[in-house]
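In the numbering used here, the protein residues as written are 50 to 358.
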């Protein structure tokens, strides 16, 4: 009786404890950070983490002349993310798809606008519980490799530097497959004075704009991938492109598509098995035991089938 009473009291005590749960956002509205001005935006030059050198032997490292051969550049764009849930304030946003648009001024004279775009999926975005109705400031970022910096500046520039070449930025976003930009705010910001009159309307939607072969990268595609926090939210995929059997030409049954259309492995189209497949585990095999006994006599030969283990 006492044992039953104790159990009942314990269950009642556990049930009365407050339930703590990480609540995700059910609706999201995104805009550029409130009060963001052209003077707040910049391109930052960053060098790969020095600790990466520990992974290589000195004989494997072939230093290139000039630090610019290793320097990356990053554009950080602060967003205002206002999120809501049915009850209480949400603690995070499960997933947010953003398309970052950046205009870089190319050429030796920095007078050739290049429109660059990048799709990035951010996940598990933490929200500030005490944020006001404007929401939480969340950074999105795009990176430019040393090679792309050279493409932007052109062959006549020996030391590519992008600090003064940022022309404009814009961010469009989707939440649960639908646009979630704040319709009362402009998603774009023109930074270069020379472009104020040229970039009008929805300039970021221009499809035939020149990009000089330059590609923006998310932090997951750079040497800085492990160091995303606390500046940026996590991305999906986290580090580089996630493994896809279909993209690698590998089916669920292990058939690998080779260049030219040939394949190796299991052929399921005709029910046959590739000639290189080892079937010895299922085939009876003749084995010969020692034909000489300890007394000098002969033992009979026999067949023993291998068990398929």
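No residue lacks a Cβ here, since even glycine has one placed at the ideal position from N, Cα and C.
Residue nearest to residue i in terms of C-alpha spacing, selected from the options
| i | options | result |
| --- | --- | --- |
| residue 156 | 222, 268 and 213 | 213 |
| residue 236 | 288, 73 and 127 | 127 |
| residue 231 | 72, 222 and 78 | 78 |
| residue 192 | 178, 211 and 185 | 211 |
| residue 160 | 265, 202 and 178 | 202 |
| residue 265 | 228, 163 and 173 | 163 |
| residue 182 | 276, 288 and 82 | 82 |
| residue 149 | 271, 167 and 80 | 167 |
| residue 256 | 89, 239, 286 and 165 | 165 |
| residue 132 | 241, 272 and 185 | 185 |
| residue 89 | 259, 238, 258 and 286 | 238 |
| residue 200 | 173, 259 and 248 | 259 |
| residue 151 | 172, 288 and 248 | 248 |
Nearest-angstrom Cα separation, counted from residue j out to residue i
| i | j | result |
| --- | --- | --- |
| residue 262 | residue 226 | 29 Å |
| residue 97 | residue 91 | 19 Å |
| residue 117 | residue 95 | 10 Å |
| residue 146 | residue 198 | 26 Å |
| residue 269 | residue 284 | 7 Å |
| residue 281 | residue 170 | 12 Å |
| residue 144 | residue 72 | 13 Å |
| residue 134 | residue 224 | 14 Å |
| residue 253 | residue 275 | 30 Å |
| residue 245 | residue 136 | 43 Å |
| residue 130 | residue 85 | 14 Å |
| residue 158 | residue 279 | 36 Å |
| residue 240 | residue 76 | 30 Å |
| residue 99 | residue 228 | 40 Å |
| residue 331 | residue 121 | Caution applies to residue 331, whose pLDDT of 44 falls short of 50 and renders its modelled position unreliable; the model cannot decide the point. |
| residue 174 | residue 93 | 23 Å |
| residue 272 | residue 286 | 15 Å |
| residue 277 | residue 172 | 12 Å |
| residue 288 | residue 242 | 37 Å |
| residue 222 | residue 178 | 22 Å |
Integer-rounded CB distance, given that residue j should sit under 8 Å from residue i
| i | j | result |
| --- | --- | --- |
| residue 176 | residue 209 | Not really, about 38 Å apart at Cβ, beyond 8 Å. |
| residue 189 | residue 220 | 6 Å |
| residue 124 | residue 218 | 7 Å |
| residue 142 | residue 87 | About 27 Å separates the two Cβ atoms, so there is no contact after all. |
| residue 204 | residue 119 | No, residue 204 and residue 119 are not in contact; Cβ-Cβ is about 19 Å, not under 8 Å. |
| residue 216 | residue 153 | 6 Å |
| residue 80 | residue 234 | 4 Å |
Counterpart residues of residue i in DSSP-defined beta bridges
| i | result |
| --- | --- |
| residue 129 | 80 and 186 |
| residue 73 | 141 |
| residue 95 | 121 |
| residue 192 | 123 and 266 |
| residue 284 | 171 |
| residue 215 | 153 |
| residue 147 | 169 and 222 |
- Task: Can you check the stretch 149-180 for any beta strand (DSSP E) of at least 3 residues that lies completely inside it and give the ranges in chain order?
- Result: Entirely contained in the stretch 149-180, the beta strand (DSSP E) runs reaching 3 residues are, in chain order, 161-175.
- Task: Any chance you could list the beta strand (DSSP E) runs of at least 3 consecutive residues sitting entirely within the stretch 220-264, in chain order?
- Result: Within the stretch 220-264, complete beta strand (DSSP E) segments of at least 3 residues are found at 237-239, given in chain order.
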